[in-house]
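Q: Attaching a single structure in structure tokens format; questions to follow.
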Amino acid sequence: MRLLVSGATKTVERFQQHPHLGHLISPQAGNSMRWITSTGLPWAADNGAFSGFDAIAFERMLEKIQGRPGCLFVVCPDVVADAKATLDLFSTWQTRLQAQGLPVAYVAQDGQENLPLPWNQIHCLFLGGSTKFKLGRTAESLTRAARERGKLVHMGRVNSQKRMRLAKSWGCHSVDGTGYSRFPDQRLPSALNYLTQLERQYILL
């Protein structure tokens, strides 16, 4: 399982050979794609919806990442904690991302249990929504369904070892958390060490 980190350039450079590290870029961040691809680490692109979606900034980001190697997924625009509105947005943006040849991530939100999930149109399931939804039975069931279909699974807002352990136990392929970007020197080394320990535990099972 990889920890995808936004920014934290100097700290990421120190650990760029780590097998559990990756980049997360966003429309609002001034990420240098030349530097990101030079590290050789895989990366994913968020849409910035959690802090307020900006369609123009998102479009600029799409242009910047076009044709760049190493992309795990690009998060289709969503509405936090609203599965119906997210599904409506998906129908608007998915074809745009697909036309660029980008691997699309769909964000599961509160209420997803009552709606279809566009499995055939996505590469990755992103577990979003409220904390209650993201850590609940529906999210766990969706993770299992995604893996059965050969999809990647990413969990957002994972800022503790407890959540890392939960994400790993469900079979998530990657996680992210703002704490590792805000306090990279303090939090990133210990998080990567913990991911290494988790991996060893699951290998021994």
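For the sequence shown, this note's numbering assigns the number 103 to the initial residue and increments by one for each residue that follows. Glycine included, C-beta positions come from ideal geometry on N, C-alpha and C.
(1) V255 and M266 - do their beta-carbons sit closer together than 9 angstroms?
(2) Is it buried or exposed for W137, if we count other Cβ within 10 angstroms and need 16 for buried?
(3) Put G279 into one of helix, strand or coil per three-state DSSP.
(4) Which residues bound the beta strand (DSSP E) around W272?
(5) Is DSSP giving I158 helix, strand or coil here?
(6) Using DSSP bridges, identify the partner residues of G124.
(7) For S271, count neighbouring Cβ atoms within 10 angstroms of its own Cβ and tell me buried if that reaches 16, exposed if not.
(8) What residue from W221, S153, R284, T240 has the CA that sits closest to Q196's CA?
(9) Taking only runs of the beta strand (DSSP E) that begin and end inside the stretch 187-228, which ones reach a length of at least 3 residues, in chain order?
(10) Return the bridge partner residues of C173 from the DSSP annotation.
(11) Would L199 and V176 be called neighbours here (beta carbons separated by less than 9 angstroms)?
(12) Under a three-way DSSP split, which group does V260 fall into?
(13) What's the C-alpha gap between I319 and R251?
(14) To which residues of the same chain is R249 closer than 8 angstroms at the C-beta, ignoring the five residues directly before and after it?
(15) Are the CB atoms of A151 and V209 nearer to each other than 9 angstroms?
(16) Tell me which same chain residues have a C-beta within less than 8 angstroms of the C-beta of R163, skipping the five on either side of it?
(17) Using the three-state DSSP reduction, which class does L58 fall into: helix, strand or coil?
A: The relevant details are as follows:
(1) no
(2) exposed
(3) coil
(4) Premise fails: W272 lies in the alpha helix (DSSP H), 263-272, not in any beta strand (DSSP E).
(5) helix
(6) L106
(7) exposed
(8) W221
(9) 206-210
(10) W145
(11) yes
(12) coil
(13) In this structure the chain extends from 103 to 307, so residue 319 is not present and cannot be described.
(14) V255, G273
(15) yes
(16) The amino acid occupying residue 163 in the given sequence is Met; Arg does not appear at that position. Excluding positions up to five away in sequence, the list reads I127, S128, P129, A147.
(17) The shown model of the chain, from 103 to 307, leaves out residue 58, and the question about it has no answer.
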